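Worksheet: one structure, shown below.
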Amino acid sequence: TSFARNILNESFPDRWTGRGGRISWPARSPDLTPLDLFLWGHLKNEVFLTRVLEQHLISL
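With positions in the sequence shown counted from 1, the corresponding number in the working numbering is that position plus 426.
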């Protein structure tokens, strides 16, 4: 509904996937899941948030 889209646009501007959003949901793509669209990118950003210093690697 337009009410739900308005809430999504307010909460997640230009970052939600679905009908009526800026990021269209790919039609008939069984190999593309919501995890592919959000979770893996989010996890990658969290994992690589802190840089590992060379001294820490040497001490291991």
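For every residue, glycine included, the Cβ atom is placed at its ideal position computed from N, Cα and C.
Being a predicted model, the structure only gives us computed values, none of them experimental.
Exercise. Skipping 5 residues on each side, what residues in its chain have a beta carbon closer than 6 Å to that of Leu463?
Worked result: Thr443
Exercise. Which residue or residues does DSSP assign as beta-bridge partners of Ile484?
Worked result: Beta-bridge pairing links Ile484 to no other residue.
Exercise. Residue range of the alpha helix (DSSP H) that Ile433 falls in?
Worked result: Ser428 to Ser437
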